[in-house]
Amino acid sequence: MNEQQKLVSAGDSRSHNAAPIDSPAENWQLLNYFNIYRVVVAGLALTLSFFIGEALGIDSRAQALFMSTSFVYLVTSLFSIQVTRQKQPDFETQATIFAFSDVTFLTLLIRASGGIDSGIGTFMLIAVAFSSLLLGKRMTIFIAAIATLGIFVQHAWDLLTSDTIMSSELVAGFSKSAILGIAFFATAGLGHLLATRLRATEALAASRGEDLASLTEINELVIQNMQSGVLVCDAKNRIKLINDRGKNLLGLEADINSSMLTTNAISAELQNAIEAWKARPGTPMQRPFRTEHGSVLIPRFVALGQSEEVDLLIFLDDATIVRQQAQQLKMAALARLTASIAHEIRNPLGAISNAAQLLAESIANNPQDMRLVEIISGHCIRMNSIIENITQLARRDRVDQININLYDWTKEFKQQFIHTVKIDENAVAVTGDKNLEVRVDPDQLYQVVMNLCQNAYRHCPPYSDTPIITLETGKDSAGRIFLDIADIGSGIPPEIAESIFDPFYTTSSSGTGLGLYIARELCEGNGGGLQCLTDRKIGACFRLTFAI
1 MNEQQKLVSA GDSRSHNAAP IDSPAENWQL LNYFNIYRVV VAGLALTLSF
51 FIGEALGIDS RAQALFMSTS FVYLVTSLFS IQVTRQKQPD FETQATIFAF
101 SDVTFLTLLI RASGGIDSGI GTFMLIAVAF SSLLLGKRMT IFIAAIATLG
151 IFVQHAWDLL TSDTIMSSEL VAGFSKSAIL GIAFFATAGL GHLLATRLRA
201 TEALAASRGE DLASLTEINE LVIQNMQSGV LVCDAKNRIK LINDRGKNLL
251 GLEADINSSM LTTNAISAEL QNAIEAWKAR PGTPMQRPFR TEHGSVLIPR
301 FVALGQSEEV DLLIFLDDAT IVRQQAQQLK MAALARLTAS IAHEIRNPLG
351 AISNAAQLLA ESIANNPQDM RLVEIISGHC IRMNSIIENI TQLARRDRVD
401 QININLYDWT KEFKQQFIHT VKIDENAVAV TGDKNLEVRV DPDQLYQVVM
451 NLCQNAYRHC PPYSDTPIIT LETGKDSAGR IFLDIADIGS GIPPEIAESI
501 FDPFYTTSSS GTGLGLYIAR ELCEGNGGGL QCLTDRKIGA CFRLTFAI
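Sequential numbering from 1 applies to the sequence shown in my numbering.
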């Protein structure tokens with residue numbers, strides 16, 4: 001049994017047990033329409049009683065009954081409109097009283113107009129039909145029975161109140177009354193069945209409407225809280241929907257009216273990606289593109305239909321986050337590998353270093369052999385440094401993030417750095433926004449900034465009166481918090497700006513080439529990034545960005 005059949009069965013059971021029916025606004029409205037119809041019928045009957053009473057063959061006594069009944073019926077109908085508006089008493093009580101009054105008044109009008117041949121019985125049939133739509137099953141059948149009884153009583157009234165002998169016309173009238181009574185019961189049954197079906201359909205539609213509204217609200221909530229940007233545009237590239245994450249990734253204001261935008265107005269690179277996808281719709285993911293605000297986004301496209309003139313669903317993913325997720329998987333495997341390699345190398349390296357020390361004691365008077373021992377010891381130290389750096393990669397995924405004020409942390413770092421390298425306090429300057437808060441692992445942040453500042457110090461001229469290193473906090477155009485480490489040294493050529501982050505890439509004969517690589521890995525492990533800015537005329541500048 002499906003949902004609608006269950007609702008119909010429930011409605012039948014409710015009506016059969018004569019339980020009060022529901023009275024939503026639609027039922028009250030239907031009752032009000034019935035009251036207006038009742039006023040029209042009563043007014044029409046009263047009008048007929050004044051102008052064409054004789055034409056209907058109504059004698060003076062019957063005409064008086066017709067007129068008085070019509071007048072009382074009209075007054076009652078007008079009163080019923082006011083009562084229905086106040087909704088007091090309850091819906092079922094009003095509908096029952098109005099149905100009985102209709103049967104009573106229409107029976108009297110039929111009697112006063114000469115019987116069922118007058119055609120007023122049709123109005124009673126309509127009254128029974130309205131009752132079947134408003135009342136339960138038992139009450140509907142009872143109204144039909146009362147109407148049928150009223151038809152028979154009014155037809156046999158003369159026979160019951162006088163000694164008139166039953167004529168052929170009177171007998172024929174009974175057959176007509178029987179047919180009209182059958183019509184009453186048929187109308188009541190069909191009307192009730194129709195009303196039950198309509199109520200079941202209405203309840204099902206209301207239930208489905210609530211489910212749809214709930215699903216719509218859930219979908220909107222899910223879309224707005226997705227980590228991916230979501231856009232929907234039509235065939236003319238007009239934006240129909242964009243979530244908050246999409247606005248943030250594209251650098252749009254949160255309260256902007258998206259219906260006035262087009263993809264071309266938002267980003268020319270995004271428009272190019274859409275055109276490239278339309279040229280080859282079989283490839284849902286396109287190459288990443290860079291927005292005007294510096295974010296690198298990966299677009300994915302889904303056509304909402306089969307024809308060419310359909311809406312286009314666009315997912316935008318931050319390439320930084322995607323890269324971080326890939327890095328996390330890579331570093332989880334690399335951490336286990338480096339830990340085992342470092343362990344295996346340290347043991348023989350320790351043995352070599354100890355053997356070199358013992359050998360140095362036995363050849364202390366041989367300068368040539370001592371030189372060879374120094375070479376062995378130097379390379380042992382260098383290999384141990386490499387192992388130390390590699391083991392740091394194994395600890396990259398162990399991030400213990402806390403909220404810190406970036407400017408205050410930078411001021412504290414400055415004091416530690418100038419004491420470590422023993423330089424003048426004014427050689428390092430701290431500037432920028434003082435009210436920026438970031439969530440980061442402070443130990444890993446210290447390791448990264450210390451590495452960058454030591455590199456800057458090595459490549460800077462001696463301090464005179466101008467700071468040789470500047471630490472600046474702020475926000476970029478995309479709203480990301482950054483920390484710049486700038487120096488006044490020789491700078492970094494643009495052609496190697498990206499290569500310096502490769503593992504084991506170094507321009508120093510004594511370096512391991514892992515410092516900047518590890519620094520970037522630690523930054524990405526905290527949800528941020530590290531890049532070398534190449535637009536400076538003097539010195540080098542490295543920018544740390546933090547997760548939004």
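Note that the Cβ used here is the ideal one computed from N, Cα and C, for glycine as well.
Check, Outcome
"Quick check on DSSP: helix, strand or coil for residue 531?", "strand"
"Rounding to the nearest angstrom, what Cα-Cα distance links residue 485 and residue 414 in this structure?", "12 Å"
"Tell me the residue span of the alpha helix (DSSP H) that contains residue 524.", "515-525"
"CA-CA distance, residue 180 and residue 82?", "32 Å"
"When you compare only the Cα positions, how much space is there between residue 359 and residue 382?", "19 Å"
"For residue 102, collect the residues of the same chain with a Cβ closer than 6 Å to its Cβ; drop the 5 residues on either side in sequence, then sort them by chain order.", "127"
"Curious, which full-length alpha helix (DSSP H) runs of at least 4 residues does the region 110-152 contain?", "121-134"
"Could you tell me the boundaries of the alpha helix (DSSP H) in which residue 453 lies?", "442-458"
"Assign residue 22 to one of three DSSP states: helix, strand, or coil.", "Bear in mind that a pLDDT of 48 at residue 22, under 50, signals an unreliable position, so the number given afterwards is only what the model happens to contain. Coil."
"So, are the CB atoms of residue 453 and residue 500 less than 8 Å apart?", "no"
"In the DSSP assignment, what residue or residues form a beta bridge with residue 542?", "485 and 532"
"For the alpha helix (DSSP H) holding residue 564, just list the boundary residues, first then last.", "Beyond the ends of the chain as shown, which are 1 and 548, falls residue 564; an answer cannot be given."
"Confirm, please, whether the CB-CB distance from residue 135 to residue 96 is below 8 Å.", "yes"
"Count Cβ pairs between the region 371-381 and the region 405-425 that sit closer than 8 Å; are there 3 or more?", "no"
"What whole-angstrom Cβ distance do residue 250 and residue 291 have, given they're in contact under 8 Å?", "6 Å"
"So residue 315 and residue 230 are in contact, right, with Cβ under 8 Å, and what is the actual spacing, rounded?", "6 Å"
"How do the region 219-236 and the region 199-206 stand: do at least 3 beta-carbon pairs fall below 8 Å, yes or no?", "no"
"Looking at the strands, I want to know which residues DSSP matches up with residue 437.", "405"
"When you compare each of 545, 117, 351 and 242 to residue 154 by their alpha carbons, which one comes out closest?", "117"
"Tell me which residues share the same chain as residue 15 and place their Cβ nearer than 6 Å to its Cβ, disregarding the 5 neighbours each side in the sequence.", "Note that residue 15 has pLDDT 41, beneath the 50 cutoff, so the model's placement of it is unreliable and no number is given."
"How should residue 444 be labelled, buried or exposed, when 16 other C-beta atoms within 10 angstroms of its C-beta is the threshold for buried?", "buried"
"Quickly, what does DSSP pair residue 472 with across the bridge? List them, please.", "431 and 484"
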